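Heads up: the sequence shown runs through residues 1442 to 1812, numbered per our numbering.
Worksheet for the structure shown next.
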Amino acid sequence: MSFHKPRRPLGEPVSPPAAAPYLEPVPVPPPAHLELPLSTVLPDIDDAASKIGRLVFHCVGDTGGVAGTEMEGAVAAAMEAQVTAAKDGTPSFLYHLGDVVYYNGASTDYVSQFYEPYQYYPGPIFAIPGNHDGDRRVRKGDDPDGEPSLYGFFKNFCSPTPEDYFKHRPTMTQPYCYWTLAAPYLRIVGLYSNVDGLLDAQQQLWLRQQLASCPKDKWLLVAVHHPCFSLDATHGGYVDVLDTLDKAAGAARRWPDAVLSGHVHDYQRFSRAIHGHGAIPYIVAGAGGYAHTPRLIHQLQKGLGIGKLPFQTTRPDVKLEAYNCEDSGFLRIAVDPSRLLIEYFAVPFEGDVPRDAFDSVAITATQHKTA
C-alpha cells in the first residue's frame, strides 16, 4: 500500500497515474450536436475575419478569485487594453481553459469570481471546465452548496438561452462541457478532463470523431484543462490525458496544431516532435489570477539546472522551450490561412504590463500536417 505520490525524476514532464483518481459524474447527458459556430454568438465575425484576413482571440486559465481578485482583475484589464487599443486584428473573444470558480464551482460564486472581474472585457467568453469547476468535495472554510457537479458551469456557460444573471454580461449558450467551437480559419476542440485528468469513453469516441472530421484547411487546437506535460514541482503532466489525445490523434490520422491547458499556475511551452507532423506546441497557461501572490505561482522542479533553452526533458521527443514562473499572464492567438501565432503576455505583480509578448511561437502552413 502506498501512502504518497511518487516523486517524478528530474526533467520528467509526466506524472504517474493517480492510484485512485477522483471522478464526478456529469449530471447532464450530452446533446446530439456539440459544435457551436462562432457566428451564432458574433454574427458579423465571418465577414470581419475575411476582411482583415485573420482571427484573433485570447486564452487564459485558472482565474477564480476565491482569495481575492486583484491579479485576476489585472489580467482581465490587460486583455481589455489589447482589445480597445487594437487598430485591426482586434481580439474577438476570450477562451477560458478552466477553473473559473474555486473551490467547488458553486453558482453563487460566479458574480464575485467571474462576472465582476470580467465586467469590462468587451467580447464573449467561452470556456471548458477545470477540476475546481466540477469538484464537489468541501474544503476547510467552504460552505456545502448542495449542487450537482458542474451545476454552476452549465448554468453560466451552457444556458439554453442567454440569461442576465449579472447586469453587464449574459450567460453563454455553449452546447456542453466538452464541445467544438467552429470559427474562421480554425476549430477549437474543448475537452472536460474531470477532477483528476480523465475522459470517459463517450468523450474519447467524440474526440476521435472531431479530430477526424476537422476540415483539412482549418487550424486545429485542442483545449483541455489538465496539461499533458509540465515540469512544475506540484502537479506534472497527466498521463491519461496524454494517452487519450495520442490514441485519438493516431486513430483519426489528424494531430492538433497546438494543445492548450491550464491547471498549473504558471506558463510553460513545450515542443513535441511527432514523426511526420513537425514540432507541436503544448502550452500551459494557468496563471490567470487565482495565484494572486508570487508565492502561489507554481515553480519548476528544484535542481533542474535549466540553462540555455530549449531544455531537453527525459522524453526524447519533448523539450521545454520557454517558461515564466514569476508573473501572471494570458495568451493571444492569431490565425490566418498561412500562419498560427501564439503569444504569451506577462502581467507582473508589480509595475507596468509590458507591451511586448514574453514568448511566442508561430506555425506556418508548410508545417501544418493533417495526415
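Ideal Cβ placement from N, Cα and C applies to all residues, glycine included.
Computed from a prediction, not measured in an experiment: that's the story for all the values here.
Let me know the secondary structure DSSP gives residue i once reduced to three states.
i       : result
Arg1713 : strand
Tyr1619 : coil
Lys1528 : coil
Pro1722 : strand
Thr1556 : The question names Thr, but residue 1556 in the sequence shown is Tyr. Helix at Tyr1556.
Lys1783 : Reading off the sequence, residue 1783 comes out as Ile, not Lys. Strand, per DSSP.
Pro1450 : coil
Asp1797 : coil
Ser1634 : coil
Gln1523 : helix
Leu1750 : coil
Ala1459 : coil
Ala1515 : helix
Gly1792 : coil
Thr1755 : coil
Tyr1551 : helix
Leu1464 : coil
Ala1732 : coil
Thr1612 : coil
Thr1811 : Because the pLDDT at Thr1811 is just 47, under 50, the model does not fix this residue reliably, and the value given afterwards should be weighed accordingly. Three-state result, Thr1811: coil.
Ala1568 : strand
Leu1741 : strand
Ala1473 : coil
Ala1803 : strand
Asp1707 : coil
Phe1444 : coil
Just to confirm the assignment, what range does the alpha helix (DSSP H) spanning residue i have?
i       : result
Arg1649 : Ala1642 to Ser1654
Val1501 : Counting along the chain, Val1501 falls outside any alpha helix (DSSP H), though it belongs to the beta strand (DSSP E) covering Leu1496 to Val1501.
Asp1687 : Val1680 to Ala1693
Phe1595 : Tyr1592 to Phe1598
Ile1486 : Ile1486 to Ile1493
His1573 : Asn1572 to Gly1575
So, under 8 Å CB-CB, residue i and residue j are touching, yes? Tell me the CB distance rounded to an integer number of Å.
i       : j       : result
Ser1590 : Glu1465 : 4 Å
Pro1478 : Ala1623 : 5 Å
Val1676 : His1704 : Correcting the residue identity first, residue 1676 is His in this sequence and not Val. With a Cβ gap of about 6 Å, His1676 and His1704 count as contacting.
Pro1616 : Pro1484 : That pair is no contact at about 18 Å.
Ala1664 : Tyr1536 : 7 Å
Leu1745 : Gly1452 : 6 Å
Pro1457 : Pro1450 : That belief does not hold up - the Cβ atoms of Pro1457 and Pro1450 are roughly 11 Å apart, past 8 Å.
Asp1698 : Leu1781 : 6 Å
Arg1628 : Cys1655 : 5 Å
Ala1690 : Leu1652 : 6 Å
Ala1726 : Leu1701 : 7 Å
Val1467 : Cys1618 : 6 Å
Got a sec: does the ligand ATP put a non-hydrogen atom nearer than 7 Å to the Cβ of residue i?
i       : result
Pro1457 : As presented, the structure is devoid of all ligands, the ligand ATP included, so that no description of it is given.
Which residue marks the beginning of the beta strand (DSSP E) containing residue i, and which one marks its end?
i       : result
Thr1675 : Note, Thr1675: premise wrong, no beta strand (DSSP E); not H, not E.
Leu1477 : Glu1476 to Pro1478
Tyr1561 : Taken as a continuous stretch (DSSP letters only), Tyr1561 belongs to no beta strand (DSSP E), as it is neither H nor E.
Lys1760 : Val1759 to Asn1765
Trp1696 : Careful: Trp1696 lies outside any beta strand (DSSP E) and carries neither H nor E.
Tyr1606 : That residue, Tyr1606, is in no beta strand (DSSP E); it is neither H nor E in DSSP.
Phe1670 : Here Phe1670 belongs to no beta strand (DSSP E), and DSSP marks it neither H nor E.
Ser1533 : Per DSSP, Ser1533 belongs to no beta strand (DSSP E) and is neither H nor E.
Arg1773 : Ser1769 to Asp1777
Among the options, which has the Cα closest to the Cα of residue i?
i       : options                               : result
Glu1588 : Gly1730, Ala1726, Val1469 and Arg1713 : Val1469
Phe1752 : Arg1710, Ala1461 and Val1776          : Arg1710
Val1482 : Val1524, Phe1567 and Tyr1463          : Phe1567
Leu1661 : Arg1694, Val1682 and Gln1644          : Arg1694
Lys1743 : Leu1652, Leu1686, Val1507 and Leu1672 : Leu1672
Trp1620 : Glu1604, Tyr1606 and Leu1648          : Leu1648
Arg1578 : Asp1637, Pro1601 and Thr1525          : Asp1637
Phe1786 : Ala1806, Cys1618, His1499 and Lys1749 : His1499
Tyr1463 : Pro1565, Asp1576 and Ala1689          : Asp1576
Tyr1556 : Thr1602, Asp1529, Met1520 and Gly1505 : Gly1505
Val1802 : Val1788, Gln1651, Asp1503 and Ala1763 : Ala1763
Gly1729 : Gly1719, Thr1754 and Pro1558          : Pro1558
The stretch 1730-1739 contacting the stretch 1750-1770, beta-carbon criterion three pairs below 8 Å:
Here the stretch 1730-1739 makes contact with the stretch 1750-1770; the two share three or more CB pairs at distances below 8 Å.
Is it a yes or a no for the stretch 1477-1494 touching the stretch 1513-1525, going by three-plus beta-carbon pairs under 8 Å?
Output reads no: the stretch 1513-1525 does not touch the stretch 1477-1494.
Using 8 Å as the Cβ pair cut-off and three pairs as the minimum, do the stretch 1560-1576 and the stretch 1633-1642 touch?
Contact holds: three or more Cβ-Cβ distances are below 8 Å.
Say whether the stretch 1490-1505 touches the stretch 1793-1805, bearing in mind that this needs 3 or more beta-carbon pairs closer than 8 Å, one atom from each stretch.
They do not touch, by the three-pair rule.
Could you say if the stretch 1593-1603 and the stretch 1538-1547 meet the contact criterion of at least three C-beta pairs nearer than 8 Å?
Under the 8 Å Cβ criterion, the stretch 1593-1603 counts as touching the stretch 1538-1547, having at least three qualifying pairs.
Touching or not, the stretch 1711-1723 and the stretch 1753-1760, by the rule of three or more beta carbon pairs under 8 Å?
A contact is defined here as three or more CB-CB pairs under 8 Å, and the stretch 1711-1723 meets this definition with respect to the stretch 1753-1760.
Would you say the stretch 1635-1650 touches the stretch 1605-1612, given that touching needs at least three Cβ pairs under 8 Å?
Judged by Cβ distances under 8 Å, the stretch 1635-1650 makes no contact with the stretch 1605-1612, as fewer than three pairs qualify.
Is there contact here, the stretch 1543-1556 with the stretch 1680-1690, by at least three beta-carbon pairs under 8 Å?
These segments do not touch.
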